[in-house]
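According to my numbering, numbering within the sequence shown proceeds without interruption in unit steps and concludes at 587.
From the three backbone atoms N, C-alpha and C, an ideal C-beta is built for every residue, glycine too.
All values reported here derive from a predicted model rather than from experimental measurement.
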Amino acid sequence: MKSLFASKTPLANIFLTFGLQFFSYEVVHGADLPSFADLVERNGPTIVEISTSRQVESRPPINDQELNDLLRRLNPGQEPDLDLENMPEMRQRGAVGSGFIISKDGYVITNNHVVEGADEIQVHLNDRRVFDAEVIGLDEPSDIALLKIPASDLPYVGFGDSDDVRVGDWVLAIGSPFGLEFSAAAGIVSAQGRSVPGRSSYNYMSFIQTDVAINQGNSGGPLFNLDGEVVGINSQIISSTGGSNGISFSIPSNVAENVIAQLRESGRVERGLLGVRMREVDYALAEIFDMERPRGAFVDEVQPNSPASKADIRNEDIVLRFNDHEIEFYTDLPFYVGQYKPGTRAEVVLFRNGEILTQVVELGSSPTNVTASVSRQPSQNRANPLGFQVVELSDETKQVAGISGVRITKIEDGPGRAAGLLEGDVIVALNRQSVVSSENFEEIASELPAAGFVPIRILREGQGTTMALELSP
């Protein structure tokens, strides 16, 4: 049998030609693939591991008499000598996450969900030093925490411009997945402007989506571009197994810088409020309103007495631009509004009745500002027998949103959690009685029946709904 390569047939020539071309393509284009070795070597010392712990009740889940009776049965003839009243508190190890140093005097960034609720936070440096960290500020809506460690002359990294990131760009994450500290993983940007449902009642985040292998423990670590600049902070993943499925989300650096500056200045973040309920402009709406193509945020409802109402923004307007930011999808609008402080005057470009209009609006104060303030002052929270804590709405929130009620700040096991209530929900009525204050809410709650179902009316994401609380004797 003749060898195909020795043959002079056209098929052999085609095969040889294609093979050489394929080999040439691999050599030329393979050389374009980046190496991250220099980036990791240069920025590795700026990456930290975050560990947390909290005090937990060490007393057993049964009362003293039951425990003593049990010990007598297990040890006949011996009297128990446990000092149950003075048992020391135990410490429970909490989350392990990642972070990075942003200044030589010890400011460290991580995720809010990594450190929230911790009594003790330790920062582990690349050189194996360990420091107790001080919390400078926490911001739940952006999932960012700013910490400070007592050290100086530290290596640190700078931020890049996340607006310059393009889909398809190479990016690198360094962190501590599953506690494996200082691990690097590379990938590409898969999408921009992602909104992840269920994070907050107010959607102030627009994530960078990547296919980088982000796992538990990577939270709070940096996402680098090829220049070694931080363009994102790794925050969360979508996974059916708890491990990486190639879909991860990072907080854009431009958002992070704004949040960090406010946390560093005052320990809290304030966001503006426009006061509209909106939805996507789909093909049908674009056709109805004679638009060239679907884009913008369709105003379903303008809240009474809101900044939007005062600026003459109307129902069925379509927001095309907010200040210098183009609004391509409706989720872009709350994201950009949230980058400005209350009281900021902003230009809003609208599409109305086939015309382009520009209105000037003075932003109000987002209800998340109240929640953030309360989280730093838990003594203001008020408890009730329904398994959650509530706090007063600010006068500004009542005026801007045109509502009265109380906001849920913490949910524990009980009827509220079982009914599906969430932190941030605003309770406007309980058992068909209007709620106007914390005291009023407690009075209504104290008069509820011992058992059965009672209705509770809430506002969530600007929309009202009624749920059923099941009370047990």
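I need the boundaries of the alpha helix (DSSP H) containing residue i, first residue and last residue.
i, result
"residue 374", "367-380"
"residue 403", "Neither: residue 403 is in no alpha helix (DSSP H) and is coded neither H nor E."
"residue 560", "552-560"
"residue 414", "No alpha helix (DSSP H) contains residue 414, which is instead part of the beta strand (DSSP E) from 411-416."
"residue 274", "It is not in any alpha helix (DSSP H) - residue 274 carries neither H nor E in the DSSP assignment."
"residue 297", "First-last for residue 297: 297-308, but that is the beta strand (DSSP E), not the alpha helix (DSSP H)."
"residue 228", "226-229"
"residue 447", "446-451"
"residue 421", "421-424"
Tell whether a beta-carbon distance below 8 Å holds between residue i and residue j.
i, j, result
"residue 525", "residue 545", "no"
"residue 454", "residue 342", "no"
"residue 501", "residue 477", "no"
"residue 580", "residue 569", "yes"
"residue 305", "residue 286", "no"
"residue 475", "residue 520", "no"
"residue 364", "residue 273", "no"
"residue 582", "residue 533", "yes"
"residue 573", "residue 522", "no"
"residue 213", "residue 335", "yes"
"residue 347", "residue 337", "yes"
"residue 462", "residue 470", "no"
"residue 331", "residue 381", "no"
"residue 258", "residue 225", "yes"
"residue 377", "residue 253", "yes"
"residue 405", "residue 447", "no"
"residue 99", "residue 269", "What the structure shows of the chain is the stretch from 115 to 587, and residue 99 is not part of that stretch, so it cannot be assessed."
"residue 505", "residue 555", "no"
"residue 261", "residue 248", "yes"
"residue 168", "residue 233", "yes"
"residue 276", "residue 345", "yes"
Could you spell out where the beta strand (DSSP E) holding residue i opens and where it closes?
i, result
"residue 383", "From DSSP, residue 383 is part of no beta strand (DSSP E); its letter is neither H nor E."
"residue 218", "Careful: residue 218 lies outside any beta strand (DSSP E) and carries neither H nor E."
"residue 569", "566-574"
"residue 502", "502-506"
"residue 321", "321-324"
"residue 477", "Taken as a continuous stretch (DSSP letters only), residue 477 belongs to no beta strand (DSSP E), as it is neither H nor E."
"residue 390", "390-394"
Residue i bridges to which residues according to DSSP?
i, result
"residue 336", "347"
"residue 246", "236"
"residue 464", "433 and 471"
"residue 253", "258"
"residue 161", "214"
"residue 288", "298"
"residue 223", "214 and 260"
"residue 580", "571"
"residue 166", "235"
Would residue i be called buried (16 or more neighbouring beta carbons within 10 Å of its own) or exposed?
i, result
"residue 567", "exposed"
"residue 417", "buried"
"residue 162", "buried"
"residue 444", "buried"
"residue 323", "buried"
"residue 358", "buried"
"residue 465", "buried"
"residue 571", "buried"
"residue 586", "exposed"
"residue 281", "exposed"
"residue 292", "exposed"
"residue 158", "exposed"
"residue 155", "exposed"
"residue 192", "exposed"
"residue 216", "buried"
"residue 264", "exposed"
"residue 472", "exposed"
"residue 244", "exposed"
"residue 300", "buried"
"residue 577", "exposed"
"residue 467", "exposed"
"residue 190", "exposed"
"residue 228", "buried"
"residue 409", "buried"
"residue 231", "exposed"
"residue 411", "buried"
"residue 429", "exposed"
"residue 594", "Nothing can be reported for residue 594, as the shown portion of the chain is limited to 115 through 587."
"residue 318", "buried"
"residue 242", "exposed"
"residue 584", "exposed"
"residue 435", "buried"
**Request:** Quick one: which unbroken alpha helix (DSSP H) runs of 4-plus residues sit fully inside the stretch 521-552? Chain order, please.
**Result:** 529-533
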